[in-house]
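Beneath this line is the structure, given in structure tokens, with notes to follow.
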Amino acid sequence: METIPLTQLAIGERARVISLLATGQQRRRMLDLGLVPQAMIEALRKSPAGDPVAYRIRGAVIALRREEASLVTVTRI
Amino acid sequence: MSSTGSPREAHVAHIERFGIQLQTPDDLIIGLAGNPNTGKSTVFNALTGLNQHTGNWAGKTVGSAIGHFHHQQRSFTIVDLPGTYSLLSQSADEQVARDFVCFGNPHVTLVVTDATNLERNLNLALQVMEVTDRVVVAVNLMDEAKRKGIRIDIDKLQAELGVPVMPIAARSGTGLAELKEMLLQVAIGAVSPTPKPLTYSEEVERTVAALLPQVEPLVAGVLRPRWVALRLIDGDDSVLAALARYTEEHPTVIQTGKVVVPS
Chain F
1 METIPLTQLA
11 IGERARVISL
21 LATGQQRRRM
31 LDLGLVPQAM
41 IEALRKSPAG
51 DPVAYRIRGA
61 VIALRREEAS
71 LVTVTRI
Chain H
78 MSSTGSPREA
88 HVAHIERFGI
98 QLQTPDDLII
108 GLAGNPNTGK
118 STVFNALTGL
128 NQHTGNWAGK
138 TVGSAIGHFH
148 HQQRSFTIVD
158 LPGTYSLLSQ
168 SADEQVARDF
178 VCFGNPHVTL
188 VVTDATNLER
198 NLNLALQVME
208 VTDRVVVAVN
218 LMDEAKRKGI
228 RIDIDKLQAE
238 LGVPVMPIAA
248 RSGTGLAELK
258 EMLLQVAIGA
268 VSPTPKPLTY
278 SEEVERTVAA
288 LLPQVEPLVA
298 GVLRPRWVAL
308 RLIDGDDSVL
318 AALARYTEEH
328 PTVIQTGKVV
338 VPS
């Protein structure tokens with residue numbers, strides 16, 4: 001089971017959250033947005049500039065910047 | 078949850094801290110919390126009708142709506158808190174919601190959840206349950222969930238959470254009479270919710286146990302010491318700032334910092 005940073009998930013792919021590398025308030029924020037281990041996440045679309053990317057997380061669409069997404073490790077499903 | 082014939086001692090809400098006007102001094106105060114897009118405002122409108130007005134939180138550019146309704150000859154004031162995913166993050170919205178739930182001491186905090194997206198919504202419900210026992214969870218949009226083929230086992234959810242869970246469809250008014258009755262029962266102490274305590278990792282629990290003897294004398298009677306200890310472990314200074322702001326004699330002596338985990 002290969003773990004990758006969320007930034008490597010292509011549009012249309014789905015994955016499961018493995019861990020968060022963020023700490024402190026940023027980690028809290030991510031957890032509150034539903035990014036908890038085992039949560040399903042799907043890359044939906046890119047903004048015109050390629051950053052941020054919209055993800056579906058537990059029934060809500062949430063945009064993450066590249067620097068945030070790089071702190072989430074996932075495994076493709 | 079337990080029902081008792083005689084109400085427990087009168088609960089005092091600290092609404093004056095938030096500049097909220099009551100219709101009568103005996104008003105029962107309801108704080109209305111929920112994620113964004115759960116139909117929270119629909120619930121608010123359905124409960125209060127046109128009997129509402131808007132205000133601003135002191136010192137914050139966060140709007141609030143305050144409404145009133147009557148049920149069983151009792152007068153209720155309901156405060157619509159900002160829609161948030163959490164009580165623990167640092168945006169102005171979240172701090173307003175947290176401060177009201179923690180320091181406004183409402184008779185009941187009503188957490189509105191979305192039946193079509195329950196898993197996401199329970200985060201906030203669990204966070205509120207860590208702060209106070211006086212919680213009622215409303216599962217809204219039951220009609221939409223049914224259309225989507227989602228079935229929700231309300232009894233099971235209620236047993237798992239330990240607080241009253243009320244299915245509603247605010248748009249059509251379904252379940253609102255029962256919801257009002259439950260708010261009354263909890264507000265007057267005839268029903269006592271007993272939220273299931275959340276247990277964290279062994280390391281966190283050990284640290285909480287080590288902190289409690291110091292935290293308890295400082296916050297007892299204001300906030301649940303366990304909750305304050307958990308925030309100290311988080312390193313959340315804003316909770317301490319709020320403690321100092323909303324309580325007079327309390328604790329500028331608490332500081333966050335390195336926690337030594339006892340082994």
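If you read the protein sequences in the order shown, they are chains F and H.
Those letters in the first sequence? Residues 1 to 77, per this note's numbering, in order.
Those letters in the second sequence? Residues 78 to 340, per this note's numbering, in order.
We put the CB at the ideal spot given by N, CA and C, even for glycine.
Being a predicted model, the structure only gives us computed values, none of them experimental.
- Taking 8 Å as the CB threshold, F/A49 stays off the interface with chain H.
- Counted as a single uninterrupted DSSP element, the beta strand (DSSP E) harbouring F/T75 occupies residues V72 to R76.
- Within the same chain, and ignoring the five residues on either side of H/Q167 in sequence, the residues whose Cβ sits closer than 8 Å to its Cβ are S315.
- When C-beta distances to chain H are compared with 9 Å, the residues of the region 46 to 76 of chain F below that value are I57, R58, G59 and A60, in chain order.
- By the rule that beta-carbons nearer than 8 Å mark a contact, F/Q25 touches chain H.
- Relative to the Cα of F/R27, the nearest Cα in the group F/I77, F/L71 and F/T75 belongs to F/L71.
- Not a single CB atom of chain F sits nearer than 8 Å to the CB of H/Y277.
- Between the alpha carbons of H/T276 and H/G226 lies a distance of about 33 Å.
- Closer than 8 Å to the CB of F/L21 there is not a single CB belonging to chain H.
- Less than 8 Å separates the beta-carbon of H/T125 from that of H/G144.
- Note on the region 252 to 306 of chain H: whole alpha helix (DSSP H) runs with a minimum of 4 residues are 253 to 264 and 279 to 296, in chain order.
- DSSP places H/M243 in the strand class (E or B) of the three-state scheme.
- In this model, H/P272 and F/G50 are separated by some 44 Å (Cα to Cα).
- Excluding sequence positions up to five before and after F/A63, its CB lies within less than 8 Å of the CB of S47, P52, V53, A54 and Y55, all in the same chain and listed in chain order.
- Excluding the 5 residues flanking it on each side, F/L9 has same chain C-beta neighbours closer than 6 Å at A15 and A43, in chain order.
- When the Cα atoms are used, H/E258 and F/E13 turn out to be separated by approximately 47 Å.
- Using a 10 angstroms sphere on the CB of H/Q262, the tally of other CB atoms reaches 16 or more, which defines it as buried.
- Between the alpha carbons of H/A202 and H/A222 lies a distance of about 19 Å.
- By a beta-carbon distance limit of 8 Å, H/V213 does not contact H/A192. Their separation comes to about 15 Å.
- Within the region 192 to 217 of chain H, contact with chain F at the beta-carbon level (separation under 8 Å) is assigned to T193, N194, E196, R197 and N200.
- Residue state for H/D191 is assigned as strand, using DSSP reduced to three classes.
- Taking 8 Å as the upper bound for CB-CB distance, H/T186 and H/V178 are in contact here, some 5 Å apart.
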